[in-house]
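Numbering (the numbering used here), first residue to last: 1 to 239.
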Ligand code: BV8
């Protein structure tokens with residue numbers, strides 16, 4: 001098997017066994033709150049306190065002592081360390097569990113919960129406490145222009161040029177723990193298949209919306225399926 005770059009797309013499912021909720025499962029986030037109320041620029045303009053409260057609760061939850069990387073995150077960090085070509089993790093998740101597991105090449109296309117963005121000076125800064133409508137930007141001192149550094153619906157995901165360059169150069173595309181419901185991420189597998197070169201594999205709890213676009217799929221909890229898949233790749237028995 002030739003050794004070529006790997007792109008791994010991850011979604012909320014990879015963090016489920018770390019204690020973070022997914023979005024569209026029965027106990028998911030969108031079962032208790034509406035996207036239109038907390039995850040769009042309009043919602044933020046209409047009721048910034050409500051949106052800040054939604055992300056403040058998730059930011060506190062992410063930093064709970066019980067929330068830690070699981071074997072799936074750690075397996076991807078091992079793959080990056082031991083695979084003889086580049087491994088890029090493109091995550092839809094806004095948690096920091098890939099980094100805490102040791103992954104270094106991580107693109108957060110939907111932003112990061114532990115960062116804030118200043119609408120006045122465009123600075124992006126680490127932010128671990130609660131964020132509010134009166135918070136002042138450490139870079140420009142202006143109060144009232146800070147928001148979570150998160151990509152809402154209707155906003156352009158981050159680093160798309162870098163992502164498509166990686167998709168165009170990879171020999172293997174692995175999608176882990178995502179329902180394939182949100183674009184443009186859900187379109188990455190079709191983009192890769194369109195090149196006709198790379199292998200596309202889905203590792204998920206159950207078939208995603210785009211399951212039929214993958215060459216191969218393995219279903220089960222990420223903390224079991226991902227380490228086994230990585231072991232096979234590193235032993236040269238990969239797809
Ligand atoms: C944009 C914010 C354009 C942060 C999120 C066609 C083309 C382009 C756009 C669109 C299009 N059609 C519609 C759109 C608009 C929209 C969209 O896709 N809507 C959907 C609902 C139809 N897309 C957008 O608005 C995007 N922006 O397109 O901009 C543009 C162009 C020019 C100029 C300006 C703009 C922006 C999308 C980003 C929105 N922000 N999050 C936050 O609060 O977290 S999206 C949100 O959904 C999260 O980021 C989440 O990551 C993402 C995807 O969800 P998943 O990660 O897949 O999670 P989900 O719960 O759905 O699934 C979990 C999976 O895990 C399940 O399959 C489950 O079985 C599995 N699982 C569960 N447990 C386990 C497990 N697997 C393994 N092990 C387990 N233990």
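All C-beta atoms, glycine included, are put in the ideal place defined by N, C-alpha and C.
Residue 175 sits in a strand when the DSSP states are folded into three classes. Minimum Cα-Cα distance from residue 28 among the listed residues 140, 16 and 150 corresponds to 16. The beta-carbon separation of residue 186 and residue 209, rounded to 7 Å, stays under the 8 Å limit for a contact. Scanning its chain for C-beta atoms nearer than 7 Å, with the 5 sequence neighbours on each side dropped, one finds around residue 110 the residues 92, 94, 150, 151 and 157, in chain order. Judged by DSSP secondary structure, residue 125 falls within the beta strand (DSSP E) whose first and last residues are 124-126.
At a cut-off of 8 Å, the beta-carbon of residue 152 counts as near the ligand BV8: some heavy atom of the ligand is closer than that.
In the structure shown, the three-state DSSP call for residue 48 is helix. By the Cβ criterion, the stretch 169-178 is in contact with the stretch 192-199, since at least three pairs of Cβ atoms, one from each stretch, lie closer than 8 Å.
Annotated as proximal: residue 85 and residue 5, with beta-carbon spacing under 9 Å.
One Cα belongs to residue 107, the other to residue 10, and the distance between them is close to 10 Å.
Cβ contact annotation for residue 216 (same chain, cutoff 6 Å, sequence separation greater than five): 201 and 239, in chain order. Within 8 Å of the C-beta of residue 221 there is at least one heavy atom belonging to the ligand BV8. Sixteen is the threshold: since fewer than 16 other Cβ atoms of the shown chains lie within 10 Å of the Cβ of residue 34, the residue is exposed. A residue is called buried when at least 16 other Cβ atoms come within 10 angstroms of its Cβ; residue 236 does not meet this threshold and is exposed. A direct Cα-Cα distance of roughly 19 Å separates residue 134 from residue 113.
Ranking 177, 58 and 189 by CA distance to the CA of residue 166 puts 189 first. Bridge partners of residue 91 according to DSSP: 10 and 108. Residue side-chain check: residue 183 places its Cβ nearer than 8 Å to a non-hydrogen atom of the ligand BV8. At a cut-off of 8 Å, the beta-carbon of residue 200 does not count as near the ligand BV8: no heavy atom of the ligand is closer than that. Here the C-alpha atom of residue 175 lies approximately 12 Å from the C-alpha atom of residue 229. Excluding residues up to 5 positions away in sequence, 88, 90, 166, 167, 170 and 173 lie with their Cβ nearer than 7 Å to the Cβ of residue 7 in the same chain. Ranked by how close their Cα comes to the Cα of residue 63, the residues 79, 24 and 20 have 20 in first place.
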